[in-house]
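S.K.:
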Amino acid sequence: MKIKPILFILFSLLGAVLLTSCSGASTTWHNLSVDEELAYIAAGSHIYAVRLSDGTEVWRYPEKASGKTVFYAPPTLTDDGQLLIGSAGTDHSLFYLDAKSGTYKHQFEGALARWVAAPLVLDGYVYAPGGDGILYLLDMQGKLLKSFDTGAPLWSQPVTDGKYVYLAALNHHLYALQPQTLDIVWEKDLGGALVGSPVLSPDGALYIGSFASKVTAIEAVSGKILWEAPTDGPVWSGLGLNTDLVYAADLKGKIYAFDAQSGQRRWNPIQPDGPILGAPLPWKDLMIFTTETGAVVGVDADGKVKPLASYQGKIYAPAVGAGDLVLIAPLETDFLLAAIDVDGIQAWTFIPEKK
Amino acid sequence: MWEALIITPLTSLLLWIYDLVGNNFGVAIIVFTILIRVITWPLNAQQMKGAAAMQELQNDKEWQAIQKKYKDDREKLAQEQMRIYKEKGINPFGSCLPTLIQFPIIIGLYQSIIRALAATPLDLLKLSRSISINPDLVNLIPLNSKFLWMDLSRPESINIFGFAFPSLALIVAITTYIQSKLTTPTSSNPNDQSAAMSRQMTIMMPLMLGYFALTFASGLSVYFITSNLLGIVQYAMMGKANWRNLIPGTKQTPAK
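These protein sequence lines map, in sequence, to chains D and X.
Under my numbering, the letters of the first sequence match residues 1 to 355, in that order.
Under my numbering, the letters of the second sequence match residues 1 to 256, in that order.
#1: List, in chain order, every chain X residue whose beta-carbon is nearer than 8 angstroms to that of S211(D).
#2: At a CB-CB cut-off below 8 angstroms, which residues of chain D make contact with P283(X)?
#3: Rounded to whole angstroms, what's the CA-CA distance from L31(D) to P74(D)? Just pull it up for me.
#4: State yes or no: is the beta carbon of V116(D) nearer than 8 angstroms to at least one beta carbon in chain X?
#5: Hey, how far is the Cα of G313(D) from the Cα of K355(D)?
#6: Is it the case that the Cβ atoms of A249(D) and P280(D) are separated by a distance below 8 angstroms?
#7: Let me know if N242(X) comes out buried or exposed under the rule of 16 or more other beta-carbons within 10 Å of its beta-carbon.
#8: Run through the DSSP bridge pairs and tell me what D136(X) is partnered with.
#9: Can you check which of these residues, T103(D), R51(D), A329(D), L206(D), is closest to G246(D) by C-alpha distance?
#10: Just the chain X side, please: which residues come within less than 7 angstroms of L251(D) by C-beta, in chain order?
#11: When you compare the CB of P104(X) with every CB in chain D, is at least one pair closer than 8 angstroms?
#12: Would you kindly work out how many angstroms separate the C-alpha atoms of S180(X) and L122(X), rounded to a whole number?
#13: Got a sec? Which residues, its chain only, sit under 8 angstroms from L325(D) by beta carbon, not counting five neighbours each side?
#14: Under the rule that 16 or more other beta-carbon atoms within 10 Å means buried, what is V155(D), buried or exposed?
#15: Starting from the C-beta of L137(X), find all residues in its chain whose C-beta is less than 8 angstroms away, skip the five residues before and the five after it, and write them out in chain order.
#16: Alpha carbons only, please: which of Q82(D), E37(D), V50(D), W236(D) is nearest the one belonging to I351(D)?
#17: Is R154(X) close to chain D, meaning its C-beta is less than 8 angstroms from at least one C-beta of that chain?
#18: Between F289(D) and the rest of its own chain, which residues show a CB-CB distance below 7 angstroms, the 5 nearest in sequence each way excluded?
#19: Contact between the segment 78-85 of chain X and the segment 101-116 of chain X: three or more CB pairs below 8 angstroms?
#20: Pair every Cβ in the segment 205-225 of chain X with every Cβ in the segment 161-176 of chain X, then say whether three or more of these pairs are closer than 8 angstroms.
#21: Considering only the alpha carbon of each residue, which of L220(X), I90(X), L127(X), L152(X) lies closest to M48(X)?
#22: Going straight from the alpha carbon of L43(X) to that of I160(X), what length do you get?
#23: Grab the span of the alpha helix (DSSP H) containing P9(X) for me, first residue to last.
#24: In chain X, which residues lie less than 8 angstroms from P129(D) when you measure between Cβ atoms?
#25: Would a check of beta-carbon distances place P9(X) closer than 8 angstroms to chain D?
#26: With a threshold of 8 angstroms between beta carbons, is P166(X) in contact with chain D?
#27: So, does the CB of P42(X) fall closer than 8 angstroms to a CB anywhere in chain D?
#28: Of all the CB atoms in chain D, is at least one closer than 8 angstroms to the CB of A4(X)?
#29: So, at 6 angstroms on beta carbons, what are the nonlocal neighbours of S227(X) in its own chain, with the 5 sequence-adjacent residues on each side left out?
#30: When Cβ atoms are compared, which residues of the segment 236-263 of chain D fall closer than 9 angstroms to chain X?
#31: Can you check whether the C-beta of W155(D) is within less than 8 angstroms of a C-beta belonging to chain X?
#32: Using 8 angstroms as the threshold, is the C-beta distance between M140(D) and D183(D) below it?
#33: Using a Cβ cut-off of 7 angstroms, pull out every chain X residue sitting near N31(D), in sequence order please.
#34: Looking at chain X, is there any beta carbon in it that lies within less than 8 angstroms of the beta carbon of G192(D)?
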């Protein structure tokens with residue numbers, strides 16, 4: 001009978017483990033950004049700076065993993081050499097690091113929830129979209145200047161044409177805001193959650209996909225809807241823009257090309273592989289898509305698919321271009337980052353050294 | 001299998017209720033918990049009866065006598081225990097089997113609530129798959145997680161003079177304690193190990209669930225509280241609640 005208390009404790013621990021697993025230790029996936037020399041990959045406990053020429057580690061932040069900070073949001077590089085990245089851990093901090101050395105510089109601690117999206121930097125101000133639904137306007141030292149509460153999580157980087165800041169929210173709304181004042185210029189309910197960033201065209205149109213299974217084109221200056229085109233499944237990712245074509249992909253794994261002016265489908269949807277969550281990368285004559293099932297494919301303007309690479313793991317993050325290389329950050333592989341060339345030949349992989 | 005049989009149906013049901021009650025996730029969790037509690041009512045009743053019968057057996061003279069008589073002969077003791085079970089019509093697993101059956105449902109409930117809240121990209125991805133068979137539900141995303149003063153996707157606290165007071169965790173702990181006290185039959189047998197175990201659970205369960213409420217999304221706390229209150233109501237309706245056990249210093253009375 002003495003075993004019963006032990007069983008009870010074990011039962012309690014099992015409950016705790018099950019509940020902890022419910023809350024999800026891993027909440028999202030790796031993301032990266034690049035400059036001329038380095039790739040910066042947010043990969044859980046650390047951000048790694050990796051040399052583009054050979055895939056070697058230059059620095060990591062923090063040196064020792066902390067239980068509070070977890071990095072998944074795409075890092076943002078600033079003109080003054082800083083790297084901004086929010087923590088998806090329990091501390092909810094936005095870190096300002098020196099991009100060359102990985103040295104800590106500043107920190108903003110006022111957010112109420114984890115960071116999923118990358119901040120936008122415009123004219124020396126940081127527009128940081130929080131998982132708590134608040135767009136924080138910060139200075140380059142992490143000081144809070146103003147905020148705008150949308151009431152729903154913000155998971156995508158705002159974009160700008162220099163005139164307004166365009167912000168997509170999970171609450172179905174796309175906002176055009178005045179820079180610095182964050183006053184609303186216009187807002188549109190697009191009927192479904194907006195997870196990916198809008199894409200801006202040089203002629204002043206915004207294109208965005210939504211969970212309402214459609215792609216919408218909007219006049220950036222006025223918020224007037226130019227056209228809407230249906231997709232078969234919810235659109236998670238941002239869109240790709242290449243000359244006169246808007247590329248979109250949905251959670252069913254279908255890829256679409258719409259005429260940028262009219263919204264007409266240029267060709268029938270193609271379905272090269274699994275669901276697509278990452279925004280497409282315009283690269284040379286191709287639009288490069290990554291799929292959850294580990295494939296990297298290029299699609300040309302005629303809808304012809306060129307398989308580039310295939311990995312055993314899952315790929316949720318978009319491909320990122322770095323000169324002649326395309327960088328891929330899969331999950332569940334023994335490396336964090338792979339660089340491939342135009343023919344899909346692997347240039348290098350990055351495996352962090354154990355410290 | 002788990003996904004298809006438990007999580008997807010429960011999540012779809014939760015979202016359907018959410019839609020029905022006017023996009024209020026707090027009310028949806030309460031209605032959802034009531035519904036699940038009603039469905040599992042017979043199992044709960046069987047568990048409560050089984051637990052009470054087992055506890056009453058500890059006060060039985062014949063039971064106590066065989067414990068003494070065969071304390072050094074485990075095989076004979078087991079035979080005699082089985083005989084008494086048979087004579088009194090007690091199923092020794094009557095109290096734990098329903099719990100075992102309910103355990104996956106409870107874990108599934110937690111997971112459905114967390115998934116429906118979709119506070120992270122991976123959760124949203126899973127949610128979009130869970131409800132992909134019904135495109136109308138996709139348009140409900142994201143769920144309105146505000147309920148009363150709470151954001152159900154985050155642990156709750158009330159700011160009192162600059163101090164973050166976890167009021168919901170406290171209510172979870174108190175209601176769990178009340179339920180445990182009301183539903184735990186007492187034993188007059190000082191050597192009754194299972195009664196000692198029940199006393200430990202009366203303390204440990206509120207602490208454990210209170211800790212969970214402190215740490216996890218407050219949507220779970222709403223579920224805990226609703227479930228505890230319904231458990232108390234059910235026990236009271238069965239005439240098994242020992243209300244006197246709640247009064248400190250009162251001599252505890254066995255369940256009827």
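Backbone N, C-alpha and C fix where the C-beta goes; we use that ideal spot for every residue, glycine too.
Because the structure is a prediction, the values reported are computed rather than measured.
M.R.: On the basis of the coordinates in this document:
#1: Going by the sequence as given, residue 211(D) is Phe instead of Ser. Those are S128, V138, N139, I141, listed as they occur along chain X.
#2: What is shown of chain X runs 1 to 256, which leaves residue 283(X) out entirely.
#3: Strictly speaking, residue 31(D) in this sequence is Asn, with Leu absent from that position. Straight-line Cα distance between these residues: approximately 5 angstroms.
#4: True, the Cβ-Cβ gap to chain X drops below 8 angstroms.
#5: Taking C-alpha positions only, G313(D) is separated from K355(D) by approximately 24 angstroms.
#6: The Cβ-Cβ distance between A249(D) and P280(D) falls below 8 angstroms.
#7: Counting Cβ neighbours within 10 Å, N242(X) comes out buried, since at least 16 surround it.
#8: According to DSSP, D136(X) bridges with nothing at all.
#9: Note on identity: in this sequence residue 246(D) is Val, with Gly being the wrong assignment. Residue L206(D) is the option with its Cα nearest to V246(D).
#10: Correct list: S128.
#11: With 8 angstroms as the cut-off, P104(X) does not count as an interface residue toward chain D.
#12: Cα to Cα, S180(X) sits roughly 36 angstroms from L122(X).
#13: Excluding residues up to 5 positions away in sequence, L52, A339, I340, D341, A347 lie with their Cβ nearer than 8 angstroms to the Cβ of L325(D) in the same chain.
#14: Per the sequence presented here, residue 155(D) reads as Trp, with Val not at that position. The residue is buried, with at least 16 neighbouring Cβ atoms inside 10 Å.
#15: Excluding sequence neighbours, L137(X) sits near S12, L15, W16, D19, I131.
#16: Of the candidates Q82(D), E37(D), V50(D), W236(D), the residue whose Cα lies closest to the Cα of I351(D) is V50(D).
#17: Cβ-Cβ to chain D under 8 angstroms: yes for R154(X).
#18: Its chain contains A249, I255, I276, P280, V297, V299 as the residues whose beta carbon lies nearer than 7 angstroms to that of F289(D), once the 5 sequence neighbours on both sides are disregarded; these appear in chain order.
#19: Cβ pair count under 8 angstroms is below three, so no.
#20: Three or more Cβ pairs drawn from the segment 205-225 of chain X and the segment 161-176 of chain X lie within less than 8 angstroms of each other, which places the two stretches in contact.
#21: Comparing Cα positions, the closest option is I90(X).
#22: Between L43(X) and I160(X), the C-alpha separation is close to 42 angstroms.
#23: Run containing P9(X): 8-20, per the alpha helix (DSSP H) assignment.
#24: Chain order gives no chain X residues near P129(D), where near means a beta carbon separation below 8 angstroms; the closest approach is about 14 angstroms.
#25: No, P9(X) does not count as interfacial toward chain D.
#26: Not closer than 8 angstroms to any Cβ of chain D, the Cβ of P166(X) fails to qualify, so no.
#27: Contact with chain D is absent for P42(X), since none of that chain's Cβ atoms lies less than 8 angstroms from the residue's Cβ.
#28: Taking a beta-carbon distance threshold of 8 angstroms, A4(X) does not count as an interface residue toward chain D.
#29: Answer for S227(X): T33, listed in chain order.
#30: Listed by position, the residues of the segment 236-263 of chain D near chain X (Cβ gap below 9 angstroms) are W236, L251, K252.
#31: Output row for W155(D): interface = yes.
#32: Going by C-beta atoms, M140(D) is not nearer than 8 angstroms to D183(D).
#33: For N31(D), no chain X residue has a C-beta closer than 7 angstroms to its own C-beta; the minimum C-beta separation is roughly 10 angstroms.
#34: Interface annotation, G192(D): in contact with chain X, CB-CB separation under 8 angstroms.
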